[in-house]
Each structure stands twice: as structure tokens, then as C-alpha cells.
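Notes follow the structure.
Protein chains in written order, with this note's numbering: chain A, 4 to 255; chain B, -11 to 200.
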């Protein structure tokens, strides 16, 4: 059985890790690589760094953070936020990142995804989707870090992006992010029902049971966790032990 | 002793260099055949598609250096696509010849009958390898979970050259191949935490052994 990946999510602003609720109201949590190293040592399977400001200045400082992380952290690093062109991707990858997560630029220019997949390989390209519920079984994709409406249906967009050659999907529920109320299970199972590439879900973990709840429901490959780890509600070791106990394969 | 990581525009060179440095070995990074050929051991990284990668190696003249290294029994470590390039070839995007240093062919997961329907490709994530042959490159690895990210795999070849296997959705494929001091890892040792670093340490020891 495929091992589920546990991926701590680090939202970065001004060289610090921040955490918001529903992607707003950011609070400072700590220093990125201090947290990253802690998670690596505790058994994280991958690390997700998201630049929540997405300016040129911020992008340069995030590259420096990744370069430093890559010196002593030897698990995959996925980086997103503000990726606008192939040069941005080349720079991030050469700093030590393995994958890039793209949202806004892909919505503006969908064929940017196929351009990137051809240039760097599909396995480097993750589609980042910020999904907000607009009705029963209907979600709208948001851009600009979950702040701007796009009028685009999430499921249709994921399907299209898969056809354009992406390697993975990072699905975040804007409604659940930071709330600790659990995943938007309907959203996750809807996307999981057709997504042909590996799926990482994010947004809403509040207790360790939320992890097994979503895995029992549908085929997902990885779970990204923010608040719970940053605020030490429970840790990676406990997450993995619990998942093992409830019948899921994890890397111990 | 000089270990060179080959730069031909494909692969996470920085991470590989960091991993070797962490294990106590400085490495050079170069795409110039003359410099590469002066090395004592080589690392061939690779991320992306087989076709453009093999063409690039040929354009730069690096393919000759690699074949010459192999003839001289000098250590080579191929990583991910780098491992696939060492083989006879891949069927990716119409088919391409490889460096033919280790016998075997590379095939898409979809090409296997046993591949579970509706299985996802790429194979991304941590998976457990099974050691088939006890060799120095795999010595002392505690956890056998390694990080994979690939859509094609080493399908068939001389069983003698398969050192470890892995299973994904019904398909058993080669996770580590090797012949003499030439090795290939389908997973990324530089991204596989402690176990991956141990493989890199082992390659460094093997290279030192061959050098002395």
C-alpha cells in the first residue's frame, strides 16, 4: 500500500512563518528553518513552503530560506506563492526545491502549466487550488492566495490542469483553513473521485482524527498540516502512530 | 579524490551537492567533458524526460566520458532519470537509446498488465525497497523507505544487475541497479532522509576504495 505523506505547511511572510484563519489575519509563528528542521527531525515526509505575500522582494528572501533549508534537510521541498514565469521556477529549483506549486499564474495563463511541465518535467509541477464553497457540490477557485474570485469551477479546473500535464494537485479549502474544524470532506472526495495525479489536501486539520477521517473516505496521497503542528496541538510522531493504528501505511 | 556531479541542465544539483557535503565529501559540479573525465567518480542526476536528457548528454559529449568511465570500472551513481539513462533505453515519447552501460530497458508504468487500473502516475512519495542482493551500496540502511518521483521504471534486464526492487500498484520494478562500481537509484537518495544519506555515504566509501 502506498504510504501517506505528512507534509507540514509553512506559510511565509517577511522571513517568518505565519498562520491565518481562512487565509486571513496572519499571526507570526516562528522562524522558517527552525520549524522546518524540527519537522524534518520529527519525521515529516515533505515540507511545503508557501509565500503568502508573493512580491519580488519576498520571492528572493524565500529563495534564501530554501537554500538554507536544503543544506541540512534531506526530504522533498515544495515551494509556492508568486510563481509567475519559468525563470522563477528555474531559480527556486536550483535553490534546492523539488517541486513548485502554481495557482494565480496558471489561472491567468493555463498553458503556462504545460510550458513548465515540458521544460522541467511534470513531476516538478503542482497545481495549487484554493477552493471556496459557493453551493452544494460547487466550489470556486480563488487566486492571489485565496483572496480573489475567479468564477472558475474547481473540478473543471483540476481536470483541465491534469490534461495540461501537471504532476500533482495541492487542494486547499479556503473555508476550512485555520479553523481546525476538519477538512471539507465533500470537496476532497469530489476531487479525489476523478483526479488522475497524486492529491495533497490542506486546510482544516484540528485533531489527529481529522487525518484518518479524510483518508478513510477517499484516495488521497498526502495531507498538509499547518496550525496543529505550529501550535503544538499534536505532533508528527503522534499523527503517524495514530494513522498506523487506524490502518494506514506511513513512513515511520 | 574528485567526485563530479554532472551538470547537463537536468536535475537538482544543489541538493545532491548538499547531501554529499553533509556526508563529508566536497563535490565538483561540471558540464564540461574534459573536467568530468578527470574525476575519480561521477554522479549523474536527472529530472524530466529521457529524450531531451540523452540528447543533451550527446550534444555536450558527456556520453563518451560516461561510457569510458564504465569501461575503466570507475564509480558512477545515476539518480532517478540518471539511473534510467545508464540503461539500454526508454520507450518514453517514442523511444530513445540510453548509454547502454547497464543492460535493461525503461518502460512506462501504464505499459504493465499488472498495473492497477486508475492508478496514479507519477509514482510520487515514500515507498519501501526490498534488498535482493547484499551489496556495499545498500549497507547499513535502517529504514528501507525511500522517496520516489517518476512515471517510468526499469522494466527488465539481467537479474544479476538488480540490487533492490520496489512495488507500486502491482508492478515490481528495480529500485537499485548495479554492475561492479556502477549504480543507479530510481529514488532520490538526496531526498530520502537518513537512509538516503547512508547510500550516499556508501557510494563515497566505494569511490574511495576504487581510488586507492
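In this text, a Cβ means the ideal position worked out from N, Cα and C, and glycines have one as well.
*What first and last residue would you give for the beta strand (DSSP E) that runs through residue 11(A)?*
Per DSSP, residue 11(A) belongs to the beta strand (DSSP E) from 8 to 16.
*Going by CA-CA distance only, name the one from 194(A), 31(A) and 212(A) that's closest to residue 224(A).*
Check the Cα spacing between residue 224(A) and each of 194(A), 31(A) and 212(A): the tightest is with 194(A).
*May I ask you to verify whether the segment 81 to 95 of chain B touches the segment 174 to 193 of chain B, counting CB pairs closer than 8 angstroms and requiring at least 3?*
Too few Cβ pairs lie closer than 8 angstroms, so no.
*Do residue 5(A) and residue 113(B) come within 8 angstroms of each other at the CB atom, strictly closer than that value?*
In contact: residue 113(B) and residue 5(A) (Cβ atoms closer than 8 angstroms).
*Consider the Cβ of residue 133(B): report whether some Cβ of chain A lies at a distance smaller than 8 angstroms.*
The C-beta of residue 133(B) comes closer than 8 angstroms to at least one C-beta of chain A.
*Report the residue from 151(B), 199(B), 192(B) and 69(B) whose alpha carbon sits nearest the alpha carbon of residue 14(B).*
Ranking 151(B), 199(B), 192(B) and 69(B) by CA distance to the CA of residue 14(B) puts 192(B) first.
*Since residue 203(A) is in the beta strand (DSSP E), which residue starts that stretch and which ends it?*
Where residue 203(A) is concerned, the enclosing beta strand (DSSP E) starts and stops at 202 to 205.
_Closer than 8 angstroms is the cut-off here; do at least three beta carbon pairs connect the segment 6 to 13 of chain B with the segment 45 to 52 of chain B?_
No: fewer than three Cβ pairs fall under 8 angstroms.
*Work out the CA separation of residue 82(A) and residue 176(A) for me, nearest whole Å.*
C-alpha separation (whole angstroms): 18 angstroms.
*N-terminal and C-terminal residue of the alpha helix (DSSP H) that residue 107(A) is part of*: Residues 107 to 111.
*asked:* Alpha carbons only, please: which of 149(A), 123(A) and 17(A) is nearest the one belonging to residue 60(A)?
replied: Nearest to residue 60(A) by C-alpha distance, out of 149(A), 123(A) and 17(A), is 17(A).
*Give a yes or no on whether 8 angstroms exceeds the smallest Cβ distance from residue 36(B) to chain A.*
The beta-carbon of residue 36(B) is placed less than 8 angstroms from the nearest beta-carbon of chain A.
*So does the segment 22 to 38 of chain B actually touch the segment 61 to 75 of chain B, counting three or more Cβ pairs closer than 8 angstroms?*
Short answer: they touch.
*First and last residue of the uninterrupted alpha helix (DSSP H) at residue 245(A)*: Counting along the chain, the alpha helix (DSSP H) containing residue 245(A) begins and ends at 239 to 248.
*is_contact[residue 11(A), chain B] using C-beta, thresh 8 angstroms*: Residue-level contact by beta carbon fails for residue 11(A) and chain B, as no gap is shorter than 8 angstroms.
*Per-residue burial, residue 28(A) [other beta carbons within 10 Å of its own, 16 or more giving buried]*: The residue in question, residue 28(A), is exposed, as its Cβ has fewer than 16 Cβ neighbours within 10 Å.
*asked:* Does the CB of residue 84(B) have a neighbour CB from chain A at under 8 angstroms?
replied: Not one chain A Cβ lies under 8 angstroms of residue 84(B).
*Any residues in the segment 219 to 251 of chain A with a beta carbon nearer than 9 angstroms to a beta carbon of chain B? Which ones, in chain order?*
Those would be 222, 224 and 225, in chain order.
*asked:* Three Cβ pairs or more, each shorter than 8 angstroms: is that satisfied between the segment 65 to 79 of chain A and the segment 104 to 114 of chain A?
replied: The segment 65 to 79 of chain A is not in contact with the segment 104 to 114 of chain A.
*Those residues which DSSP pairs with residue 173(B) across a bridge*: Its beta-bridge partners are 67(B) and 164(B).
*On a CA-only basis, which of 171(B), 135(B), 56(B) and 16(B) is nearest residue 110(B)? Give me that one, please.*
Closest option to residue 110(B), judged by alpha-carbon separation, among 171(B), 135(B), 56(B) and 16(B): 135(B).
*Sorted by chain position, which residues of the same chain lie with C-beta nearer than 7 angstroms to residue 102(B)'s C-beta, five sequence neighbours on each side aside?*
For residue 102(B), the CB contacts under 7 angstroms within the same chain, skipping 5 residues up- and downstream, are 158 and 159 in chain order.
_Between 64(B), 156(B) and 23(B), which has its C-alpha nearest residue 30(B)'s C-alpha?_
Ranking 64(B), 156(B) and 23(B) by Cα distance to residue 30(B) puts 64(B) first.
*Which two residues bound the contiguous beta strand (DSSP E) that contains residue 97(B)?*
Here residue 97(B) belongs to no beta strand (DSSP E), and DSSP marks it neither H nor E.
*Is there a Cβ from chain B that is less than 8 angstroms from the Cβ of residue 88(A)?*
Judged by the 8 angstroms Cβ criterion, residue 88(A) is not in contact with chain B.
*Could you tell me if residue 197(A) is buried or exposed, where buried requires 16 or more neighbouring beta carbons within 10 angstroms of its beta carbon?*
Exposed, since its Cβ has fewer than 16 Cβ neighbours within 10 Å.
_Within chain A, partners of residue 170(B) - CB distance below 9 angstroms_ = Residues of chain A whose Cβ lies closer than 9 angstroms to the Cβ of residue 170(B) do not exist; the shortest such Cβ separation is about 23 angstroms.
*Is residue 143(B) helix, strand or coil by DSSP?*
Of the three classes helix, strand and coil, the one that applies to residue 143(B) here is strand, per DSSP.
_C-alpha distance - residue 33(A) paired with residue 21(A), whole-angstrom precision_ = Approximately 7 angstroms, taken between the alpha carbons.
*Taking just the CA atoms, how far does residue 142(B) sit from residue 172(A)?*
Here the C-alpha atom of residue 172(A) lies approximately 26 angstroms from the C-alpha atom of residue 142(B).
*asked:* Give me the subset of the segment 50 to 84 of chain A whose CB atoms are less than 8 angstroms from a CB atom of chain B, sorted by chain position.
replied: If the cut-off is 8 angstroms between Cβ atoms, the segment 50 to 84 of chain A has 70, 73, 74, 75, 77, 78 and 79 near chain B.
*Beta-carbon neighbours of residue 199(A), restricted to chain B and to distances below 7 angstroms*: Residues of chain B whose Cβ lies closer than 7 angstroms to the Cβ of residue 199(A) are, in chain order, 108.
*What residue does the beta strand (DSSP E) around residue 156(B) start on, and which one ends it?*
From DSSP, the beta strand (DSSP E) with residue 156(B) extends over 150 to 156.
*Return the chain-ordered list of same chain residues with a C-beta closer than 6 angstroms to the C-beta of residue 134(A), the five sequence neighbours on each side being excluded.*
Only 142, 157, 176 and 190 meet the Cβ criterion.
_Among 87(A), 169(A) and 122(A), whose alpha-carbon lies nearest the alpha-carbon of residue 107(A)?_
Among 87(A), 169(A) and 122(A), the Cα nearest to that of residue 107(A) is on 87(A).
_Assigned secondary structure, residue 43(B) (DSSP; H/G/I helix, E/B strand, else coil)_ = Helix.
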